Amino acid sequence: RAARPLGSPRLMSLLALREAGGWAGLADRTGCEQALVRAQAYFDRGTAEADPEWMTFYGEAELEGLKAQCWSTLGDWRRAARHARRAAELQDPHFTRNIALYTAELADDLARGGHPDEAAQAGMRALDLLGEVQSSRVRSMLSGTSRVLLPHRRTPGVSEFLDRHASLPRMV
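Its first residue numbered 175, the sequence shown is counted upward by one per residue in my numbering.
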């Protein structure tokens, strides 16, 4: 409510997304869905003069990435994967770290959703991107994905991902 008088729909959108994440963390699907609808509606209003300068990072890719996190937290892997895939596709190629993050999210959502081959492919793309950026968060996400994929290690693509992930140098 305090941000409403500022007249920035993008700020309101981001705040609604943060609220959605909170509801998801509380396993309140209805509250999360309502906040996500508000976030999208505010986002659709576009940019405004009143948008804070620090919000330049917040575009459609970030919106999709945060939606993916909400659906993942709620265990709706299909929806989470759809939004994570869209986030990775929409992200400006100069922001490699964000692409790696969204791709790691996609890999994990696919793995948990029962799509080990697709998860391994996304995981390999995220590992490729780790050659360009350092991210303990992405590495941690890929470790979780590896654990989920272990029962599928006899599948060639999954095996290749697991081997490559296991060969990553340890971060200090």
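Here a beta-carbon is modelled for each residue, glycine too, at the ideal position from N, C-alpha and C. It should be emphasised that the depicted structure is a prediction, and the values quoted were computed from it without experimental measurement.
Check your understanding: Between Thr-329 and Asp-282, is the Cβ-Cβ spacing less than 8 Å?
Key -> In the sequence shown, counting from the first residue as 1, residue 329 sits at position 155. In the sequence shown, counting from the first residue as 1, residue 282 sits at position 108. Between Thr-329 and Asp-282, the C-beta gap is not smaller than 8 Å, which leaves the two residues out of contact.
Point to revise | Candidates Leu-275, Leu-188 and Arg-321, of which the one nearest Arg-299 by Cα | key: The residue labelled residue 299 in the question sits at position 125 within the sequence shown. Among Leu-275, Leu-188 and Arg-321, the Cα nearest to that of Arg-299 is on Leu-275.
Practice item. State the Cα-Cα distance for the pair Arg-184 and Glu-234, rounded to the nearest angstrom. Key: Taking the first residue of the sequence shown as position 1, residue 184 is located at position 10. Taking the first residue of the sequence shown as position 1, residue 234 is located at position 60. If you take the alpha carbons of Arg-184 and Glu-234, they lie about 11 Å apart.
Check your understanding: Under the three-state reduction of DSSP, which class applies to Arg-321: helix, strand or coil?
Key -> As a position in the sequence shown, residue 321 is number 147, starting the count at 1. When DSSP states are grouped into helix, strand and coil, Arg-321 belongs to the helix group.
Check your understanding: Between Val-211, Leu-336 and Ser-182, which lies nearest to Gly-195 when the distance is taken from Cα to Cα?
Key -> As a position in the sequence shown, residue 195 is number 21, starting the count at 1. Ranking the options by Cα distance to Gly-195, first place goes to Val-211.
Review point. Once you ignore the five residues that flank Val-312 on each side, which residues in its own chain have a CB closer than 7 Å to its CB?
Key: Residue mapping note: residue 312 aligns to position 138 of the sequence shown, counting from 1. The beta carbon of Val-312 sits closer than 7 Å to the beta carbons of Ala-274, Leu-275, Ala-278, Ala-300 and Leu-304 from its chain, once the five residues preceding and following it are set aside; these are given in chain order.
Review point. Given that a residue counts as buried once 16 or more other Cβ atoms are within 10 Å of its Cβ, and exposed if not, what is Ala-177?
Key: As a working note, residue 177 is residue 3 in the sequence shown. Unreliable placement is indicated for Ala-177, whose pLDDT of 47 sits below 50; the coordinate value is still reported in the next sentence. Its Cβ having fewer than 16 others within 10 Å, Ala-177 is exposed.
**Study point:** alpha helix (DSSP H) segment containing Tyr-276, residue limits
**Key:** Position 102 of the sequence shown, counted from the first residue, corresponds to residue 276. Start and end: 270-286.
Point to revise | Buried or exposed (CB count within 10 angstroms, at least 16 for buried), Gly-297 | key: Taking the sequence shown and counting its residues from 1, one reaches residue 297 at position 123. For Gly-297, the number of other beta carbons within 10 angstroms of its own is at least 16, and it is reported as buried.
**Study point:** Closest Cα partner of Ser-314 within the set Pro-290, His-339 and Ala-294
**Key:** As a position in the sequence shown, residue 314 is number 140, starting the count at 1. Out of Pro-290, His-339 and Ala-294, His-339 has the C-alpha closest to the C-alpha of Ser-314.
Point to revise | Other residues of its chain near Leu-323: CB distance less than 8 Å, five sequence neighbours each side excluded | key: In the sequence shown, the residue the question calls residue 323 occupies position 149. Within the same chain, Leu-323 has close Cβ partners Ala-285, Pro-290, Ala-293, Ala-294, Gly-297, Val-332, Phe-335 and Leu-336.
Exercise for review: Put Asp-250 into one of helix, strand or coil per three-state DSSP.
Suggested key: Counting from one through the sequence shown, the residue named residue 250 turns up at place 76. Coil, per DSSP.
Exercise for review: Out of Leu-237, Asp-302 and Gln-208, point me to the one whose CA is closest to Leu-264's CA.
Suggested key: For the purposes of this step, residue 264 is taken as residue 90 along the sequence shown, with counting starting at 1. Measuring from the Cα of Leu-264, the nearest candidate turns out to be Leu-237.
**Study point:** Spatial neighbours of Arg-219 in its chain, beta-carbon cut-off 6 Å, leaving aside the 5 residues before and after
**Key:** Counted from its first residue, the sequence shown places residue 219 at position 45. Around Arg-219: Pro-183.
**Study point:** Beta carbon of Gly-199 nearer than 8 Å to that of Thr-270
**Key:** Numbered from 1 along the sequence shown, position 25 holds the residue referred to as residue 199. Numbered from 1 along the sequence shown, position 96 holds the residue referred to as residue 270. The Cβ atoms of Gly-199 and Thr-270 do not sit closer than 8 Å to each other.
Check your understanding: Looking at Gly-239 and Ala-258, is the spacing between their C-beta atoms short of 8 Å?
Key -> Here residue 258 refers to the residue found at position 84 of the sequence shown. Here residue 239 refers to the residue found at position 65 of the sequence shown. Cβ atoms of Ala-258 and Gly-239: closer than 8 Å.
Point to revise | Member of Pro-267, Asp-225, Cys-244 and Arg-321 whose CA lies at the smallest distance from the CA of Gly-181 | key: For the purposes of this step, residue 181 is taken as the residue at position 7 of the sequence shown. Looking at the Cα atoms, Asp-225 is the closest of the given residues.
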